[in-house]
Amino acid sequence: VQLQASGGGLGQAGGSLRLSCAASGITFSNYIMGWYRQAPGKQRELVATVSSGGTTNYADSVEGRFSISRDNTKNTAYLQMNSLKPEDTAVYYCNARRTVTPSFNYWGQGTQVTVSS
12 VQLQASGGGL
22 GQAGGSLRLS
32 CAASGITFSN
42 YIMGWYRQAP
52 GKQRELVATV
62 SSGGTTNYAD
72 SVEGRFSISR
82 DNTKNTAYLQ
92 MNSLKPEDTA
102 VYYCNARRTV
112 TPSFNYWGQG
122 TQVTVSS
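Reading the sequence shown from the start, the letters are residues 12 to 128 in my numbering.
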């Protein structure tokens with residue numbers, strides 16, 4: 012199983028970045044896809060999730076600014092980040108979670124997002 016995250020980098024406050032997560036080795040449509048982030052000295056936190064059917068869930072801190080989506084034909088999940096803030100600076104991790112038995116939970120390697128003011 013591999014979750015390959017890409018698209019991180021340096022952004023400016025008020026700007027946009029788009030993250031991608033390409034999954035392999037799993038039946039993509041059976042998994043809830045999510046993005047989490049971890050800032051220095053802080054715990055990893057949920058950013059957003061999207062179910063196979065497209066139901067989304069967002070952390071309050073990114074609601075209205077970030078948009079998660081998925082393309083089940085490409086086995087890829089996306090995180091469109093708009094109106095970036097310096098506090099969005101973190102390592103962003105892609106997650107694939109299967110909730111039906113047997114359940115599985117996979118993580119990508121993380122991609123750094125740095126937002127300058």
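The C-beta atom is built at its ideal place from N, Cα and C for all residues, glycine as well.
All figures in this text were calculated on a predicted structure; none of them were measured in a lab.
Problem - Thr66 burial status per 10 Å Cβ neighbour count (16 or more: buried) - result: Taking the first residue of the sequence shown as position 1, residue 66 is located at position 55. The residue is exposed, with fewer than 16 neighbouring Cβ atoms inside 10 Å.
Practice task
May I have the straight-line CA-CA distance separating Val12 from Phe39, to the nearest angstrom?
Solution key: Within the sequence shown, the letter at position 1 stands for residue 12. Within the sequence shown, the letter at position 28 stands for residue 39. For Val12 and Phe39, the distance between alpha carbons rounds to 11 Å.
Practice task
Report the option in Gly20, Val111, Cys32 whose CA atom is closest to the CA atom of Val126.
Solution key: Residue numbering aside, residue 126 sits at position 115 when the sequence shown is read from its first letter. The option with the nearest alpha carbon to Val126 is Gly20.
Problem - Stretch pair the segment 26–46 + the segment 60–74: three plus CB contacts closer than 8 Å - result: yes
Handout entry: Straight-line gap, Leu14 to Ser128 (C-alpha atoms, nearest Å)
Key = Along the sequence shown, one-based indexing puts residue 14 at 3. Along the sequence shown, one-based indexing puts residue 128 at 117. Cα to Cα, the separation comes out at about 30 Å.
Problem - Coarse secondary structure for Glu74, derived from DSSP in three states - result: What you label residue 74 is simply residue 63 of the sequence shown in a count that begins at 1. If DSSP states are grouped into helix, strand and coil, Glu74 belongs with coil.
Practice task
Within its chain, find whatever has a CB closer than 6 Å to the CB of Gln49; leave out the 5 residues flanking it on each side and keep chain order.
Solution key: Taking the sequence shown and counting its residues from 1, one reaches residue 49 at position 38. The answer, listed in chain order, is Arg55, Ala101, Val102.
Exercise for the section: Confirm, please, whether the CB-CB distance from Ser31 to Thr87 is below 7 Å. Expected result: Indexing the sequence shown from 1 puts residue 87 at position 76. Indexing the sequence shown from 1 puts residue 31 at position 20. Yes.
Handout entry: Secondary structure of Ser35, DSSP reduced to three states
Key = Residue 35 sits at position 24 when you count from the first residue of the sequence shown. If DSSP states are grouped into helix, strand and coil, Ser35 belongs with the strands.
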